[in-house]
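Undergrad: Listed in order, the protein sequences are those of chains A and B.
Per the working numbering, residue 186 is the first one in the first sequence, and the count goes up by one each step.
Per the working numbering, residue 3 is the first one in the second sequence, and the count goes up by one each step.
A virtual CB, placed ideally from N, CA and C, is assigned to each residue, including glycine.
Pasting a structure here, questions to come.
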Amino acid sequence: KAGVTQTPRYLIKTRGQQVTLSCSPISGHRSVSWYQQTPGQGLQFLFEYFSETQRNKGNFPGRFSGRQFSNSRSEMNVSTLELGDSALYLCASSLGGALGYEQYFGPGTRLTVT
Amino acid sequence: KQEVTQIPAALSVPEGENLVLNCSFTDSAIYNLQWFRQDPGKGLTSLLLIQSSQREQTSGRLNASLDKSSGRSTLYIAASQPGDSATYLCAVPASGTYKYIFGTGTRLKVLA
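Structural data, given as structure tokens:
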């Protein structure tokens, strides 16, 4: 069974640009969560989607948005990039539906903002 | 508000030693707790998931315990190997949500 895949793996952008990251969950998984990981703040929750609906959102500005498609694939978008957005962005998938399912993470997208 | 703490922040041990990593959480009303390992620059690999009704889970040389009443979980690694060197993270869902709160991790180095 294929794991969680994220594309692209590496990205370099300039301040003020926007970026879209993609996440394909494990087949059959309907929940996708996104996290930002930085050396200073650790892993912070961005948002979680299940069946195309956002169920929870973390404390990030509105520049961070996401969506989920009917095939459970998810994208997150960051507009007007800032230097502080440089981070490893991780997505995780689970069967979803209810709490208690194991989360499986992808390899991440390393975003560098210059 | 759920907070997760991991102690120690870093640990260096000789190969073959048994070791214990600690995870503490402030809100005992958790649904489950999951342990992960992360190699430098990589994603997270799930190690063990403990449901709130369970006291422990085992996988190979790893054993995780959960004590909800005291807000603690431990990850026991038996007969450590250099390949165990990584950062170990624990995570719990914030009460009633699908938002997982992560600890800051324990960076483990096993010396050959």
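#1: CA-CA distance, B:Ala96 and B:Gln59?
#2: Can you tell me whether A:Glu233 is buried or exposed, with buried defined as 16 or more other CB within 10 angstroms of its CB?
#3: Measuring alpha carbon to alpha carbon, tell me which of B:Asp41, B:Asn34, B:Lys3, B:Tyr90 ends up nearest B:Ser55.
#4: Does the CB of A:Asn256 have a neighbour CB from chain B at under 8 Å?
#5: Just mark A:Thr265 as buried or exposed, buried being the case when its beta carbon has 16 or more other beta carbons within 10 Å.
#6: Which chain B residues sit within Cβ distance under 7 Å of A:Phe290?
#7: Could you tell me the boundaries of the beta strand (DSSP E) in which A:Thr232 lies?
#8: With DSSP as the reference, please indicate the residues paired to B:Ser75 in a beta bridge.
#9: Are A:Cys276 and A:Gln221 closer than 8 Å when you measure CB to CB?
#10: With a threshold of 16 other CB atoms inside 10 Å of the CB of A:Gly281, please say whether the residue is buried or exposed.
#11: Which residue's Cα is closest to the Cα of B:Ala114: B:Ile79, B:Phe38, B:Gln83?
#12: Helix, strand or coil, according to DSSP, for B:Leu1 in the structure here?
TA: In short:
#1: Their Cα atoms are separated by approximately 21 Å.
#2: When all chains shown are included, A:Glu233 counts as buried.
#3: Each of B:Asp41, B:Asn34, B:Lys3, B:Tyr90 was checked against the Cα of B:Ser55, and the nearest Cα belongs to B:Asn34.
#4: For A:Asn256, the answer is no, since every Cβ of chain B falls outside 8 Å of its Cβ.
#5: A:Thr265 should be labelled exposed.
#6: Per Cβ cutoff of 7 Å: Gly45, Leu46.
#7: The amino acid occupying residue 232 of chain A in the given sequence is Phe; Thr does not appear at that position. Per DSSP, the continuous beta strand (DSSP E) segment holding A:Phe232 begins and ends at 227–235.
#8: When beta bridges are read from the DSSP output, B:Ser75 appears opposite B:Cys25, B:Leu68.
#9: Taking 8 Å as the cut-off, the Cβ atoms of A:Cys276 and A:Gln221 do not count as close.
#10: It is buried - the Cβ of A:Gly281 has at least 16 other Cβ atoms within 10 Å.
#11: It is B:Gln83.
#12: Nothing about residue 1 of chain B can be read from this structure; chain B reaches only from 3 to 114.
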